[in-house]
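Visitor: With the sequence shown counted from 1, adding 61 to any position gets you the numbering used here.
Quick one: this structure, given as structure tokens, is what I'll be asking you about.
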Amino acid sequence: MLDIRQISSFADYFVICSADSDRQINAICDEIDRVLSKNGVHLYRREGDADSGWVILDFSRVIVHVFAQSQREYYDLEHLWSKATPVVRIL
Numbered sequence: 062m063l064d065i066r067q068i069s070s071f072a073d074y075f076v077i078c079s080a081d082s083d084r085q086i087n088a089i090c091d092e093i094d095r096v097l098s099k100n101g102v103h104l105y106r107r108e109g110d111a112d113s114g115w116v117i118l119d120f121s122r123v124i125v126h127v128f129a130q131s132q133r134e135y136y137d138l139e140h141l142w143s144k145a146t147p148v149v150r151i152l
């Protein structure tokens, strides 16, 4: 998770994660949406699909990126947003 508040005006945090399959991408996205909705945080917009290898869940101030591993390596958001403050990193 990256804190982008100091370098972005459109969001506060990026959550970036990887999945091993299309099915896992969908499961991660569905569960994030289910849990957050249950807690009163509603999905503003969903972009992409598992077939593309990159799904974005926009919860307004928090944007979740769920990648296939190859797409995550290709787009390398952590490097692109290297001025952001890492909050949590789980390997």
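Every residue gets a Cβ at the ideal spot worked out from N, C-alpha and C, and that includes glycine.
#1: Just checking, does the stretch 135 to 148 make contact with the stretch 92 to 107 on the three C-beta pairs under 8 Å criterion?
#2: With a Cβ-Cβ cutoff of 8 Å, do residue 75 and residue 138 count as a contact?
#3: Of the residues 141, 140, 109 and 115, which one's Cα is nearest the Cα of residue 79?
#4: Could you tell me the alpha carbon to alpha carbon distance between residue 120 and residue 135, rounded to whole angstroms?
#5: Spatial neighbours of residue 111 within its chain, please: C-beta separation below 6 Å, excluding the five flanking residues on both sides.
#6: Which value, in whole angstroms, describes the spacing of the CA atoms of residue 126 and residue 133?
Guide: Looking at the atomic coordinates:
#1: Contact fails between the stretch 135 to 148 and the stretch 92 to 107, because fewer than three Cβ pairs, one in each stretch, are under 8 Å apart.
#2: Within the sequence shown, numbered from 1, the residue matching residue 75 stands at position 14. Within the sequence shown, numbered from 1, the residue matching residue 138 stands at position 77. The beta carbons of residue 75 and residue 138 sit closer together than 8 Å.
#3: As a first step, residue 79 must be located in the sequence shown, where it is residue number 18. Among 141, 140, 109 and 115, the Cα nearest to that of residue 79 is on 115.
#4: The residue you call residue 120 lines up with position 59 of the sequence shown. The residue you call residue 135 lines up with position 74 of the sequence shown. Straight-line Cα distance between these residues: approximately 24 Å.
#5: Stepping through the sequence shown from its first residue, residue 111 is reached at position 50. Once the five neighbours on either side are set aside, the close Cβ partners of residue 111 are 83, 86 and 87.
#6: Numbered from its first residue, the sequence shown carries residue 126 at position 65. Numbered from its first residue, the sequence shown carries residue 133 at position 72. A straight line joining the alpha-carbon of residue 126 with that of residue 133 spans about 9 Å.
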